[in-house]
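Just so you know, we're using my numbering here: the sequence shown kicks off at 184 and counts up by one. Note that the Cβ used here is the ideal one computed from N, Cα and C, for glycine as well. Owing to the predicted nature of the structure, the values given are computational and were not obtained by experimental measurement.
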Amino acid sequence: LLEMAPKLKVVGRLGVGVDNIDVKACEARGIEVCSARGANATSVSEYAIAMAMLLLRGRAYLDTHRLVAGEWPREELGRGVELAGKTLGIVGLGSIGGTSARKARALEMRVVASDPYLPAGNENWNVAENVSLDELLAMSDVVTVHCPLGPETRGLIGAAQMARMKKGAILINSARGGIVDEAACAAALKSGHLGGAALDVFDYEPIKADAGKVFAGIPNVILTPHISGVTLEANHRVSFMTVDSVARVLKKGR
184 LLEMAPKLKV VGRLGVGVDN IDVKACEARG IEVCSARGAN ATSVSEYAIA MAMLLLRGRA
244 YLDTHRLVAG EWPREELGRG VELAGKTLGI VGLGSIGGTS ARKARALEMR VVASDPYLPA
304 GNENWNVAEN VSLDELLAMS DVVTVHCPLG PETRGLIGAA QMARMKKGAI LINSARGGIV
364 DEAACAAALK SGHLGGAALD VFDYEPIKAD AGKVFAGIPN VILTPHISGV TLEANHRVSF
424 MTVDSVARVL KKGR
């Protein structure tokens, strides 16, 4: 596609991740790549916090159909736990991870993070304790993934990493598919080791039935179609930020 556009000066990415753009090829051609970094940090971080609240309560918010049918499972559904006092582990403390950390601290959570690429002086370390990934997995009640997808992060959270997590811990991935091993996640849920999981992104999107069926019959999993960063407000910010960035590059070249 780039070879077909010899006059191309800029690529505007309507979103944050650039794993679907050949950035190195663009750089070699002098093409600037502009992403809307930070534009959907609020919406994605709200998704992560909401999923943590839902899944820590077990089925409490997910069994409306039972009450509609006349059941009253108060004792069964009243065994959930609170967010306050729990430890949130953030994998990737960039714009979205940092925003998630601030929201979690406001909700009285302890926040730890692993991000080997974030400089020690970055302000986000003021709201999260810097730990290794292994330490984070072992100590967190909720693990939320907010790192980009690349060769070094593909399969970052696999079967071995999930085994290091606390029994009953919650796993949330709203970053990119391929970072979390979906089959391993399903197995950890079925075995009872994970207390719940929320996946908004998948290795192949749109998800196919064969990929989705590994989660069939698992009651403590929430699957959503890559919408954590998609709200009316985020769409507005992403669109205008991208347009402004493209316009800035084109004006600079005049």
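Mind checking which residues open and close the beta strand (DSSP E) that includes residue i?
{"i": "residue 194", "result": "193-196"}
{"i": "residue 379", "result": "377-382"}
{"i": "residue 272", "result": "270-274"}
{"i": "residue 352", "result": "352-356"}
{"i": "residue 413", "result": "Per DSSP, residue 413 belongs to no beta strand (DSSP E) and is neither H nor E."}
{"i": "residue 406", "result": "404-406"}
{"i": "residue 336", "result": "Careful: residue 336 lies outside any beta strand (DSSP E) and carries neither H nor E."}
Would you please state the rounded distance, in angstroms, between the beta carbons of residue i and residue j? I believe it to be under 8 Å.
{"i": "residue 192", "j": "residue 214", "result": "6 Å"}
{"i": "residue 256", "j": "residue 249", "result": "6 Å"}
{"i": "residue 399", "j": "residue 377", "result": "No, residue 399 and residue 377 are not in contact; Cβ-Cβ is about 16 Å, not under 8 Å."}
{"i": "residue 151", "j": "residue 328", "result": "Nothing can be reported for residue 151, as the shown portion of the chain is limited to 184 through 437."}
{"i": "residue 194", "j": "residue 209", "result": "6 Å"}
Skipping 5 residues on each side, what residues in its chain have a beta carbon closer than 6 Å to that of residue i?
{"i": "residue 361", "result": "332, 337, 386"}
{"i": "residue 232", "result": "286"}
{"i": "residue 312", "result": "295"}
{"i": "residue 425", "result": "195, 197, 219"}
{"i": "residue 339", "result": "362"}
{"i": "residue 237", "result": "244"}
{"i": "residue 269", "result": "292, 324"}
Under 7 Å Cβ to Cβ from residue i, same chain only, skipping five residues before and after it: list those, please.
{"i": "residue 278", "result": "220, 221, 224"}
{"i": "residue 344", "result": "320"}
{"i": "residue 288", "result": "294, 310"}
{"i": "residue 433", "result": "192, 193"}
{"i": "residue 364", "result": "338, 340, 341, 342"}
Alpha carbon to alpha carbon, how far is residue j from residue i? Give it in angstroms, no decimals.
{"i": "residue 318", "j": "residue 297", "result": "9 Å"}
{"i": "residue 405", "j": "residue 304", "result": "36 Å"}
{"i": "residue 370", "j": "residue 417", "result": "34 Å"}
{"i": "residue 414", "j": "residue 226", "result": "7 Å"}
{"i": "residue 402", "j": "residue 379", "result": "9 Å"}
{"i": "residue 326", "j": "residue 282", "result": "15 Å"}
{"i": "residue 431", "j": "residue 230", "result": "31 Å"}
{"i": "residue 356", "j": "residue 306", "result": "24 Å"}
{"i": "residue 421", "j": "residue 216", "result": "14 Å"}
{"i": "residue 264", "j": "residue 239", "result": "6 Å"}
{"i": "residue 258", "j": "residue 375", "result": "20 Å"}
{"i": "residue 358", "j": "residue 330", "result": "6 Å"}
{"i": "residue 436", "j": "residue 211", "result": "17 Å"}
{"i": "residue 293", "j": "residue 309", "result": "12 Å"}
{"i": "residue 428", "j": "residue 299", "result": "28 Å"}
{"i": "residue 276", "j": "residue 301", "result": "7 Å"}
{"i": "residue 234", "j": "residue 185", "result": "39 Å"}
{"i": "residue 315", "j": "residue 253", "result": "48 Å"}
By the DSSP assignment, the alpha helix (DSSP H) with residue i in it spans what residues?
{"i": "residue 345", "result": "342-347"}
{"i": "residue 395", "result": "392-395"}
Leaving out the 5 sequence neighbours to the left and right, which residues in its chain are closer than 8 Å to residue i when beta-carbon positions are compared?
{"i": "residue 290", "result": "232, 266, 267"}
> Which full runs of the beta strand (DSSP E) of 3+ residues lie inside the segment 206-238, going along the chain?
Replying inline: 215-218
>> Which complete beta strand (DSSP E) runs does the segment 248-309 hold, if anything under 3 residues is left out?
In response: 270-274, 293-297
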